[in-house]
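Residue numbers (our numbering): 284 to 689. Below is one structure, written out as structure tokens, with a few remarks after it.
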Amino acid sequence: MKNFGIDIFSPSRSIANTLDKWELPKENVVINRRLGEGAFGTVYGGEALINSENWTAVAVKTLKVGASTEDRLDFLSEAEAMKRFNHKNIVKLLGVCLQSEPIYTIMEYMLYGDLKTYLLARRHLVSETISDDSDISSKRLTMFALNISHGLDYLAQQKYVHRDIACRNCLVNAKRVVKIGDFGMVRPTYESDYYRFNHKGMLPVRWMAPESLALGMFTPFSDVWGFGVVLFEIITFGSFPYQGLTNGEVLQFVKNGKTLRMPADAKPQLKGLIRACWNRNPKKRPAASEIVKYITNYPRLLTPCLDFPSACIEMADAGSDQLEFLPNSLQFSSQGSYSSLDIAEQATRAEKIKDSGFVDDDNLPEIISDSSNDPSSYSPTTVDGYSVMSPLLVPHVSCGISEAHT
């Protein structure tokens, strides 16, 4: 296989080698139309001949010609992760084209695009009479949430964390089945069931759990926090979380134990589920498998809710809310043991660190301040020696995804 400009001993080359059996001849891929811009290049709709069978509608992700080695590695890493997944609620990788530039990843085609756009386009239907067969019925919205929870449960069973669970990363197919996609941030958790982030990258601050913001730590339970925000997005038809606040202000609110205010018309059972997902103690959040069981018991759990204040901020402490409907939500279930690292204890200790608030450094707020002289501080390190208590800097941008510098 041609090396397309990558050193044969580089990490990118190693990943590419693991994708050899997924290679498709480029003549078996026909690009028809542009769908949009991805993180690494343009995304197209097209057709592909898979396994010498009939031509199949596909989505084609491309990597820009001349992309940096880091971008190549990230692009290939997403494909390498996706090849491991086989679930009805996970977008499926169908193949790759790596022998010449531009390189492609070929995925199943999702007719209705991302869930956020799907919901925003149907906001005007909320005031109409809604039947169970409607695109926006309570039954349909609940099924969307159930689809996503099934996908999250599968990822947790496979020992992966997604790290960017949001409606924009959930796609809707022709049968209106929702599948989790965009695995650019997915990481394996391995034995310890946790993943620490300590590299420069883009962080979806409005969907992130407190321990992820404070410690750079991601687990299946931080994905559950993001799922709580997804539930809010679904019932409000794509509303922007914490609208009216900058990302820096969102970080301060979440850090101080505040959460989104839920619409008054949301069902009590749904409010209970969302609050459980937003418990500040990760160990007290329900596992994805428990969420699946819970939503299954309430087939009309989610209802359209558009009559809520634009400043969607909940001033109450999120730590006291637990889900009474899930008796096992205070225990570990299928996610495995966290005995190697008590992340709840870390989060508690981190909150005790002497904190002077946000520090303006080139207009970037500081999340964790230097606490080397504080006897109550706790500064764990990663295997490569980096401290997860290093300052995490996030600039103010309006998209909800900010660049982090560690």
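Positions of the beta carbon are idealized from the N, C-alpha and C atoms, including for glycine.
Within 8 Å, strictly: CB atoms of residue i and residue j
{"i": "L585", "j": "L543", "result": "no"}
{"i": "E516", "j": "P524", "result": "yes"}
{"i": "D506", "j": "R451", "result": "no"}
{"i": "S495", "j": "F501", "result": "yes"}
{"i": "A449", "j": "W508", "result": "no"}
{"i": "P582", "j": "K422", "result": "yes"}
{"i": "A331", "j": "T339", "result": "yes"}
{"i": "Q441", "j": "F368", "result": "yes"}
{"i": "A439", "j": "A559", "result": "no"}
{"i": "R459", "j": "Y387", "result": "no"}
{"i": "L589", "j": "R406", "result": "yes"}
{"i": "A492", "j": "P565", "result": "yes"}
{"i": "D418", "j": "L408", "result": "yes"}
{"i": "H370", "j": "Y437", "result": "yes"}
{"i": "D354", "j": "F323", "result": "yes"}
Reduced DSSP category for residue i - H, G, I as helix; E, B as strand; rest coil
{"i": "D303", "result": "helix"}
{"i": "G527", "result": "coil"}
{"i": "G555", "result": "helix"}
{"i": "R316", "result": "strand"}
{"i": "Y437", "result": "helix"}
{"i": "W338", "result": "strand"}
{"i": "L376", "result": "strand"}
{"i": "A350", "result": "coil"}
{"i": "A331", "result": "strand"}
{"i": "L454", "result": "strand"}
{"i": "I463", "result": "strand"}
{"i": "E384", "result": "coil"}
{"i": "I517", "result": "helix"}
{"i": "M545", "result": "coil"}
{"i": "F368", "result": "coil"}
{"i": "V444", "result": "strand"}
{"i": "D415", "result": "coil"}
{"i": "G396", "result": "strand"}
{"i": "V343", "result": "strand"}
{"i": "V409", "result": "coil"}
{"i": "M426", "result": "helix"}
{"i": "Y477", "result": "Residue placement at Y477 is flagged as unreliable, the pLDDT there being 43, under the threshold of 50; a coordinate-derived value is accordingly withheld."}
{"i": "T586", "result": "coil"}
{"i": "T502", "result": "coil"}
For residue j and residue i, believed in contact at Cβ under 8 Å, the rounded distance
{"i": "V312", "j": "G329", "result": "6 Å"}
{"i": "M727", "j": "L454", "result": "Past the edges of the chain, shown from 284 to 689, lies residue 727, and the structure says nothing about it."}
{"i": "L429", "j": "P385", "result": "That pair is no contact at about 37 Å."}
{"i": "I574", "j": "S432", "result": "5 Å"}
{"i": "V348", "j": "I314", "result": "Actually they are not in contact, since the Cβ atoms of V348 and I314 sit about 15 Å apart, beyond 8 Å."}
{"i": "E310", "j": "Q382", "result": "Not a contact, Cβ separation roughly 11 Å."}
Among the options, nearest to residue i - alpha-carbon criterion
{"i": "L356", "options": "S417, F368, N300, P308", "result": "N300"}
{"i": "N372", "options": "Q526, P587, G464", "result": "G464"}
{"i": "A457", "options": "S335, L377, K541, E391", "result": "E391"}
{"i": "L514", "options": "F323, T425, Q382, K442", "result": "T425"}
{"i": "A549", "options": "L377, L435, F520, N337", "result": "F520"}
{"i": "L528", "options": "P551, K304, D447, V488", "result": "V488"}
{"i": "Y401", "options": "S410, L302, S522, P308", "result": "S522"}
{"i": "L376", "options": "K462, L556, S410, V575", "result": "K462"}
{"i": "G691", "options": "S351, V341, L403", "result": "Residue 691 falls outside the range modelled here, since the chain spans only 284 to 689, and no answer is possible."}
{"i": "G555", "options": "L486, G540, I578", "result": "I578"}
{"i": "N539", "options": "I557, A547, R563", "result": "R563"}
{"i": "V537", "options": "A547, V512, D303", "result": "V512"}
{"i": "I333", "options": "T352, L318, R316, P308", "result": "P308"}
{"i": "F427", "options": "A547, I518, G499", "result": "I518"}
{"i": "G499", "options": "R446, L359, T352", "result": "R446"}
{"i": "K576", "options": "L486, L435, L534, K541", "result": "L435"}
Exposure of residue i, with buried meaning 16 or more beta-carbon neighbours within 10 Å
{"i": "N580", "result": "exposed"}
{"i": "A497", "result": "buried"}
{"i": "E336", "result": "exposed"}
{"i": "K399", "result": "buried"}
{"i": "E363", "result": "buried"}
{"i": "R568", "result": "buried"}
{"i": "P551", "result": "exposed"}
{"i": "G319", "result": "exposed"}
{"i": "K483", "result": "Model confidence at K483 stands at a pLDDT of 49, short of 50, so the residue's coordinates are unreliable; what they give is reported in the following sentence. Label assigned to K483: exposed."}
{"i": "R316", "result": "exposed"}
{"i": "A547", "result": "exposed"}
{"i": "I626", "result": "At I626 the pLDDT is 36, less than 50, meaning the model places this residue with poor confidence and gives no usable figure here."}
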